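Quick notes on the structure that follows.
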Amino acid sequence: MANTQATLEKIVSLCKRRGFVFPAADIYGGINGLYDFGHLGYLMKENIKNSWKKSIQNDLGDIFFLDGTLIGPHAMWEASGHISNFHDPMIDCMNCKKRFRTDDDNINTEKSCPSCGIKAWTNIRDFNLMFQTQLGAVADESAQAYLRPETAQTIFVQFKNIWSTSRTKLPFGVAQIGKAFRNEITPKQFLFRMREFEQMELEWFCKDETSMDMFNFWVQKRQEFYKSIGINMNHIRMYQHPKEKLSHYSKCTFDVEYEFPFGFKELEGIAHRGTFDLTQHTKFSGKDLAVFDQETAKSETPVVVESSVGVERLFLTLLFDAYHEDVMDNETRIVLKLHPKIAPIKAAVLPLVKKISAPAEDLYKELKKQFINIDFDESGSIGKRYRRQDEIGTPICFTIDFQTIEDQTITVRIRDTAAQERIKISQAATYLSKIIS
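For the sequence shown, the working numbering assigns the number 570 to the initial residue and increments by one for each residue that follows.
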């Protein structure tokens, strides 16, 4: 029986071997917690983001998008609580000089250092995870700023501008996909915990009396999203934060957790944040962020229901979930069983041999006009080319052979089963449309 279990080592190897992900500044030894995404990785991330944007559309209210700045002033992060609360507990080994988070499951300060085996700990201290910078030439307190550790705060700060220019009413949502930065003490597990990453966040603004209904609506809708992109829902669980572990502003919080090889870990957070965020920014900025309700003729500060998921963490999840190994033609085959809407390459056009490449190139050019992300490969045996496409998750391959010259039919090979059928070459675009829709 072939081992179909994905491991972190296998995923890291596949990503570099096939050009999904490279260590940042690789020729200089890399930078821990930072990665560059190659062509296939970029395409897959774009597919993830496009699927997310479609998933948040709903019948309850409008969705507006924001592209906020990466840098925010000290006052903004003081209002949000990040200056005083955005810390991880840190400890150093005085012998080997390694640094650890004390809330890591592998760290017990009553025992020896897991790296060197010597018990020589420093005192535990708080470490702020934000990257600090200075704006302008004068490095005083007024120039102090930070790279954003989350995208949400730019939405809250711009809330009144979005409200007044969109001519909308409650409930409505503001969504943002963008970079965030956290100076993690110990980045680990490849793309799971990084120092630079993208977030997909939705802030849903609603009235207090309907807020729990809205919260429950988004808990259900977020689960539907993961099913729609092909994740095995047997590996998903919903973890509700007990009251004693809730953030002080939260009325209710759920984490969408996925069962990685290293255990169940958070994939997405869904939180009823109350009015905390808008109230804090009103207090610190002196600008009223309440809105006037025409129906009640009163001003009110909207309640926020937030959902937030990291693009790279979801990217990694999809690779783990899609990774399979089987045996084909007495060889181990690696196949990524990605949902067609997530797969970076939608189809490959393969001439059986190079001397019949002309009709294959014609089909390739025709499909490229409609689908863009189509591959053409004429190098190596047809079996090896199929394996290459399987390994990057391409759902189908169109093979042009000698029979094509005779009757204008081509072979369609299905990635997951390796099953084949023949169709008219003129039907290729329609066939592919059905597969990836």
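Positions of the beta carbon are idealized from the N, C-alpha and C atoms, including for glycine.
The model shown is predicted, which means the values in this text are computed figures rather than measured ones.
- In this structure T720 does not touch T638 by the C-beta definition: roughly 10 Å separates them, more than the 8 Å allowed.
- Contact between I632 and Q626 is confirmed by a C-beta separation of about 6 Å, below the 8 Å threshold.
- Within the DSSP bridge table, the entry for F696 names D657 as partners.
- With a threshold of 16 other beta carbon atoms within 10 Å, C821 meets it and is buried.
- Taking every protein chain shown into account, the CB of V707 has fewer than 16 other CB atoms within 10 angstroms, so this residue is exposed.
- As DSSP reads the structure, W773 sits in a beta bridge with G742 and V874.
- Within the same chain, and ignoring the five residues on either side of L771 in sequence, the residues whose Cβ sits closer than 6 Å to its Cβ are I625, G742, A744 and S876.
- Three or more Cβ pairs closer than 8 Å define a contact, and the segment 750-759 falls short of that threshold against the segment 727-742.
- With contacts defined as CB atoms closer than 8 Å, A749 and P718 qualify as a contacting pair.
- Annotation: I640 to T702 spans about 9 Å, alpha carbon to alpha carbon.
- When DSSP reads this structure, H841 sits in a beta bridge with C821 and V874.
- In its chain, beyond the 5 residues on either side, A648 have a beta carbon closer than 8 Å to the beta carbon of K852.
- Burial state of V878 is buried, judged by a 10 Å Cβ sphere holding 16 or more other Cβ atoms.
- Distance from I731 to L609 at the Cβ level is roughly 35 Å; contact not present, criterion being Cβ atoms closer than 8 Å.
- In the three-state DSSP reduction, I652 falls in the helix class (H, G or I).
- Secondary structure remark: continuous beta strand (DSSP E) runs of at least 3 residues inside the segment 929-990, in chain order: 943-945, 965-969 and 978-983.
- For T702, the secondary structure class from DSSP, reduced to helix, strand or coil, is strand.
- The C-alpha of H893 lies about 13 Å from the C-alpha of A987.
- N601 and G747 have their C-alpha atoms spaced approximately 21 Å apart.
- In the structure shown, Q758 falls within a coil segment according to DSSP collapsed to helix, strand and coil.
- Residue range S780 to S797 is occupied by the alpha helix (DSSP H) that includes E793.
- Only buried fits E767, as 16 or more other CB atoms lie within 10 angstroms of its CB.
- Annotated three-state conformation of F728 is helix, per DSSP.
- According to the DSSP secondary-structure assignment, Q809 is paired through a beta bridge with F823.
- Judged by beta-carbon spacing, P830 lies within the 8 Å limit of L577, meaning their Cβ atoms are closer than that value.
- A straight-line Cα-Cα distance of about 46 Å links T865 and D695.
- Three or more Cβ pairs closer than 8 Å define a contact, and the segment 784-804 falls short of that threshold against the segment 650-662.
- Counting the other Cβ atoms within 10 Å of the Cβ of C685 gives fewer than 16, which makes it exposed.
- Boundaries of the beta strand (DSSP E) around S868: K867 to E869.
- Under the DSSP assignment, E615 falls in the alpha helix (DSSP H) whose first and last residues are H608 to S624.
- Annotation for I903: the continuous beta strand (DSSP E) segment containing it runs E900 to L905.
- Classified as buried, A912 has 16 or more neighbouring CB atoms from the shown chains inside 10 Å of its CB.
- Here P811 is exposed: its Cβ has fewer than 16 other Cβ atoms, across all protein chains shown, within 10 Å.
- Straight through space, the alpha carbons of K934 and I961 are spaced by roughly 21 Å.
- If you draw a straight line from the Cα of K938 to the Cα of Q977, it comes to about 20 Å.
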